[in-house]
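Sequence lines, in order, name chains E and H. Taking the UniProt record's numbering, the leading residue of the first sequence gets 1, the next gets one more, and so forth. Taking the UniProt record's numbering, the leading residue of the second sequence gets 1, the next gets one more, and so forth. The beta-carbon is built from N, C-alpha and C at its ideal position, and this holds for glycine as well. First comes the structure, then the notes that go with it.
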Amino acid sequence: MFPELNNLLNTTPDRAEQGKLTLLCDVKTDGSFLVHHFLSFYLKANCKVCFVALIQSFSHYNIVGQKLGVNLTMARERGQLVFLEGLKSSVDVFFQAQKEPHPLQFLREANAGNLQPLYEFVREALKPVNNGEAAWRCPVLLVDDLSVLLSLGMGVVAVLDFIHYCRVAVCWELKGNMVVLVHDSDDAEDEENDILLNGLSHQSHLILRAEGLATGFCRDVHGQLRILWRRPSQPTAQRDRSLTYQYKIQDKSVSFFAKGMSPAVL
Amino acid sequence: MLDLLAVGGLVLLRDSVEWEGRSLLKALIKKSALCGEQVHILSCEVSEEEFREGFDSDVNNRLVYYDLFRDPLNWSKTGEAFPGGPLGALRAICKRTDSGPVTIALDSLSWLLLHLPCTMLCQTLHALSRQDVCPGDSSPVRQVRVLGLLHEELHGPGPMAALSSLAQTEVTLSCTMGQASAHIHCQRPRQRPTHQTQLFSILPDFSLDLQEGPPPESQPHLDPHTPPVDPMAHLTFNLRLSNKEREAKDSLTLPFQFSSEKNSRLYCTLGQVRLPVTSSMSQMLMMTWTKKTQMTT
């Protein structure tokens, strides 16, 4: 995890809130560093993590995780991490006989109506077990990323329903947290992706938006991060708080600074 | 804004990610409940505990809650799902038999619009909001008010226009001069549409605190379908001066504005000729005159 990002969010693994939905989005840049941050954050917080990884392989996340101080292989072996490797599992759907519905069953079906099998997988992975295993702090669902589900043919309402049911199970019933990544198509006029992004924004308690610089590529400033705290059910007397910082991604950390205050230009 | 509760029919609360509308919906629900009305709530987006949070027992006791949050599509197969799904829940509200003024809150219309055909939803809303007329029934006419929360970024112009045509009142939430504001567009039958902007804030107990609005000449005629843009939203500097800053600015003497004393010091006397010159030019002339004088003597 990135300590500077923890400072901006005013949180630590010991003081992680519960029952929250965090939305990560990126536009004109790669926001996957936020996924790696929250994966290592919640593993270090001793939470049970279900990671639906549809974009990269397990070894990719493991290599980056080791730079951030977590070992995904060991976490998986001790039962703290349930990892759905989408790239590998999608092949299993086609070439292996399935006795039970596969989480990615929708890839086989011509008119896949919903993502209920994927929801059942998440629910099963995070349900509390009482067989003498180490008690984990709270369950966490991490999804990287939801936009690819639209690309694979799912409708936006089906994806929103999947997140709705995950919110009910993870955030409301189990008092856990969810972190999901959605790409912002910006001027590509992808209506379904915009509905997905806006629909999730209305449900989120925290929105982290990584944006590329309007002026283009810069060696010393890789982008800017907008942080928006929301209270979907709280009075507007307490206004939602918003911060914007620029950042530079290094080998094992990310440094954040106020706009125009990069150490390279001071 | 409290006039919204005085009329029946459909009231659309249009919010956005930046300006959420659930707190205003809860404030209006609280107002209705404290007026003695029965309030029916169809909740699709938040849990019952989260929705009731902040209401005291006087309000909570008057709420009839229809929970579509826990299992709206019957995925759990536990029998806890609402029979008939979203449409069944709406029809259950239509069939209620309570008398007296009623407020029906839909949280949210956006969720219903994403899961039901627009025409079916509009027909149901029309039936809900027109239940003040009971044909063939001798019971007194009762006032029905439907409050619908709508996330305007989620829908295209067609469904938005359809819902707008059904609504008697549209409230669009945004920001005016850094303050939460509601742009209210009322369209009642056989009356001219009215526009109004109201600044407000909602207190922690969901009481509505109305503030004095902006001066009438500064209120633009707003199209309720386009969100107003606040030019001061993201400025990193102040556009206005306080009274103290203005006085300091007015009393400041600028370097190129000369007082009469300074003016007279800059005049250079060359023989009997007085020439108004700048200080650097006067120095140059003095040096030239001094040299010339030295050369001739």
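So which of the options has the shortest CA-CA distance to residue i?
{"i": "residue 300 (chain H)", "options": "H:Phe-200, H:Tyr-65, H:Leu-34 and H:Val-59", "result": "Nothing about residue 300 (chain H) can be reported from this structure: the residues present for chain H run from 1 to 297 only."}
{"i": "Pro-235 (chain H)", "options": "H:Gly-178, H:Ser-76 and H:Gly-8", "result": "Reading off the sequence, residue 235 (chain H) comes out as Leu, not Pro. Checked all of H:Gly-178, H:Ser-76 and H:Gly-8; the closest Cα to Leu-235 (chain H) is H:Gly-178."}
{"i": "Thr-194 (chain H)", "options": "H:Val-171, H:Asp-209 and H:Pro-204", "result": "H:Val-171"}
{"i": "Val-91 (chain E)", "options": "E:Leu-126, E:Ala-135, E:Leu-54 and E:Gln-250", "result": "E:Leu-54"}
{"i": "Leu-243 (chain E)", "options": "E:Glu-4, E:Pro-3 and E:Leu-9", "result": "E:Leu-9"}
{"i": "Ser-57 (chain E)", "options": "E:Val-148, E:Leu-150, E:Asp-251 and E:Glu-85", "result": "E:Glu-85"}
{"i": "Glu-173 (chain E)", "options": "E:Leu-126, E:Leu-5, E:Tyr-61 and E:Asn-46", "result": "E:Leu-126"}
{"i": "Arg-231 (chain E)", "options": "E:Asp-190, E:Ala-16, E:Ser-201 and E:Asn-62", "result": "E:Ser-201"}
{"i": "Lys-259 (chain E)", "options": "E:Tyr-245, E:Ser-253, E:Lys-252 and E:Asp-251", "result": "E:Tyr-245"}
{"i": "His-163 (chain E)", "options": "E:Met-178, E:Leu-152 and E:Asn-6", "result": "Checking the sequence shown, residue 163 (chain E) turns out to be Ile, not His. Among E:Met-178, E:Leu-152 and E:Asn-6, the Cα nearest to that of Ile-163 (chain E) belongs to E:Met-178."}
{"i": "Arg-62 (chain H)", "options": "H:Gln-38, H:Arg-52, H:His-155 and H:Glu-80", "result": "H:Gln-38"}
{"i": "His-222 (chain E)", "options": "E:Pro-13, E:His-60, E:Asn-71 and E:Thr-29", "result": "E:Thr-29"}
{"i": "Lys-252 (chain E)", "options": "E:Val-64, E:Cys-47 and E:Arg-15", "result": "E:Val-64"}
{"i": "Leu-124 (chain E)", "options": "H:Thr-176, H:Phe-256, H:Ser-76 and H:Ser-251", "result": "Per the sequence shown, the amino acid found at residue 124 (chain E) is Glu instead of Leu. Answer by Cα proximity: H:Ser-76."}
{"i": "His-40 (chain H)", "options": "H:Lys-95, H:Pro-72, H:Ser-23 and H:Pro-159", "result": "H:Lys-95"}
{"i": "Gly-156 (chain H)", "options": "E:Gly-153, E:Asp-161, E:Glu-189 and E:Arg-137", "result": "E:Glu-189"}
{"i": "Leu-116 (chain H)", "options": "H:Glu-212, H:Leu-24 and H:Gly-85", "result": "H:Gly-85"}
{"i": "Thr-119 (chain H)", "options": "H:Val-144, H:Phe-55 and H:Ala-161", "result": "H:Ala-161"}
{"i": "Asp-15 (chain H)", "options": "E:Thr-215, E:Asn-198, E:Asn-71 and E:Glu-191", "result": "E:Asn-198"}
{"i": "Leu-208 (chain H)", "options": "H:Lys-244, H:Leu-24 and H:Gln-143", "result": "H:Leu-24"}
{"i": "Leu-148 (chain E)", "options": "E:Pro-13, E:Glu-192, E:Leu-72 and E:Thr-215", "result": "Sequence inspection shows Val at residue 148 (chain E); the Leu mentioned does not correspond to that position. Comparing Cα-Cα distances from Val-148 (chain E) to each of E:Pro-13, E:Glu-192, E:Leu-72 and E:Thr-215, the minimum goes to E:Glu-192."}
{"i": "Gln-152 (chain E)", "options": "E:Thr-215, E:Val-70 and E:Leu-115", "result": "First, the residue type needs correcting, since residue 152 (chain E) is Leu and not Gln in the sequence shown. Cα-wise, what sits closest to Leu-152 (chain E) is E:Leu-115."}
{"i": "Asp-56 (chain H)", "options": "H:Ser-264, H:Asn-243, H:Ile-29 and H:Glu-245", "result": "H:Ile-29"}
{"i": "Asp-14 (chain E)", "options": "E:Trp-136, E:Tyr-247, E:Ala-214 and E:Gly-216", "result": "E:Trp-136"}
For my contact list, residue i and residue j are in at a C-beta cut-off of 8 Å; report their separation, rounded to the angstrom.
{"i": "Leu-81 (chain E)", "j": "Val-49 (chain E)", "result": "5 Å"}
{"i": "Ala-75 (chain E)", "j": "Gly-113 (chain E)", "result": "So it is not a contact: roughly 34 Å between Cβ atoms."}
{"i": "Leu-23 (chain E)", "j": "Val-168 (chain E)", "result": "Between Val-168 (chain E) and Leu-23 (chain E) the Cβ distance is about 17 Å, and since that is not below 8 Å, they are no contact."}
{"i": "Gly-212 (chain E)", "j": "Val-27 (chain E)", "result": "7 Å"}
{"i": "Ser-129 (chain H)", "j": "Leu-10 (chain H)", "result": "5 Å"}
{"i": "residue 330 (chain E)", "j": "Cys-138 (chain E)", "result": "Chain E is shown only over 1 to 266; residue 330 (chain E) falls outside these bounds and no answer can be derived."}
Return yes when at least one heavy atom of the ligand GDP lies under 6 Å from the C-beta of residue i, else no.
{"i": "Gly-8 (chain H)", "result": "This structure lacks the ligand GDP; in fact it carries no ligand of any kind."}
Does the Cβ-Cβ distance between residue i and residue j come in under 7 Å?
{"i": "Arg-226 (chain E)", "j": "Arg-241 (chain E)", "result": "no"}
{"i": "Cys-171 (chain E)", "j": "Val-122 (chain E)", "result": "no"}
{"i": "Leu-42 (chain H)", "j": "Ala-89 (chain H)", "result": "yes"}
{"i": "Gln-18 (chain E)", "j": "Lys-175 (chain E)", "result": "yes"}
{"i": "Gln-203 (chain E)", "j": "Leu-21 (chain E)", "result": "yes"}
{"i": "Lys-26 (chain H)", "j": "Phe-200 (chain H)", "result": "no"}
{"i": "Pro-8 (chain H)", "j": "Leu-173 (chain H)", "result": "A quick correction: the sequence has Gly, not Pro, at residue 8 (chain H). No, the Cβ-Cβ distance between Gly-8 (chain H) and Leu-173 (chain H) is not below 7 Å."}
{"i": "Glu-45 (chain H)", "j": "Ser-108 (chain H)", "result": "yes"}
{"i": "Asp-184 (chain E)", "j": "Cys-25 (chain E)", "result": "yes"}
{"i": "Leu-146 (chain E)", "j": "Val-180 (chain E)", "result": "yes"}
{"i": "Met-1 (chain E)", "j": "Leu-68 (chain E)", "result": "yes"}
{"i": "Glu-4 (chain E)", "j": "Phe-256 (chain E)", "result": "yes"}
{"i": "Ile-249 (chain E)", "j": "Phe-33 (chain E)", "result": "yes"}
{"i": "Pro-101 (chain E)", "j": "Pro-117 (chain E)", "result": "yes"}
{"i": "Arg-78 (chain E)", "j": "Val-93 (chain E)", "result": "no"}
{"i": "Leu-228 (chain E)", "j": "Ile-195 (chain E)", "result": "no"}
{"i": "Leu-73 (chain H)", "j": "Ser-110 (chain H)", "result": "no"}
{"i": "Phe-51 (chain E)", "j": "Phe-95 (chain E)", "result": "no"}
{"i": "Pro-159 (chain H)", "j": "Leu-113 (chain H)", "result": "yes"}
- Query: Is it true that the segment 160-167 of chain H meets the segment 122-129 of chain H, where meeting means three or more beta-carbon pairs spaced less than 8 Å apart?
  - Reply: yes
- Quick one: which residues of the segment 67-90 of chain H get their C-beta closer than 8 Å to a C-beta of chain E? List them in chain order. Phe-69, Arg-70, Asp-71, Pro-72, Leu-73 and Trp-75
- Three-pair Cβ contact test at 8 Å for the segment 100-118 of chain H versus the segment 139-159 of chain H: yes
- Message: Short of 9 Å Cβ to Cβ, which residues in the segment 106-118 of chain H face chain E?
- Response: Ser-108, Ser-110, Trp-111, Leu-114 and His-115
- Message: Within 8 Å, do at least three Cβ pairs link the segment 139-146 of chain E to the segment 32-47 of chain E?
- Response: yes
- Message: Does the structure place the segment 26-40 of chain H close enough to the segment 178-187 of chain H that three or more beta carbon pairs sit under 8 Å?
- Response: no
- Pull out every residue of the segment 139-161 of chain H whose Cβ sits closer than 7 Å to any Cβ of chain E, in chain order. His-151, Glu-153 and Leu-154
- Item | Near-chain E residues of the segment 38-64 of chain H (beta-carbon distance less than 8 Å), N- to C-terminal order | Glu-45, Val-46, Ser-47, Glu-50, Phe-51, Glu-53 and Gly-54
- Task: Indicate whether the contact test is met: 3 or more Cβ pairs, each with one atom in the segment 149-158 of chain E and one in the segment 48-67 of chain H, closer than 8 Å.
- Result: no
- Residues of the segment 12-31 of chain H with a CB closer than 7 Å to any CB of chain E: list them in chain order, please. Val-17, Glu-20, Arg-22 and Ser-23
- Message: To be precise: take each residue of the segment 174-200 of chain E, compare its Cβ to all Cβ atoms of chain A, and keep it if any distance is under 7 Å. Which residues remain?
- Response: Here chain A cannot be found, since the structure's protein chains are E and H.
- Task: Can you give me, in chain order, the residues of the segment 143-161 of chain E that have a beta carbon less than 9 Å from any beta carbon in chain H?
- Result: Val-156, Val-157, Leu-160 and Asp-161
- Taking a cut of 7 Å between CB atoms, which residues from the segment 2-19 of chain E lie near chain H? none
- Message: Under 9 Å, CB to CB, which of the residues in the segment 202-233 of chain E have a partner in chain H?
- Response: His-202, Gln-203, Ser-204, Ile-207, Leu-228, Arg-230, Arg-231, Pro-232 and Ser-233
- Closer than 8 Å, Cβ to any Cβ of chain H: which residues of the segment 83-113 of chain E, in chain order? none
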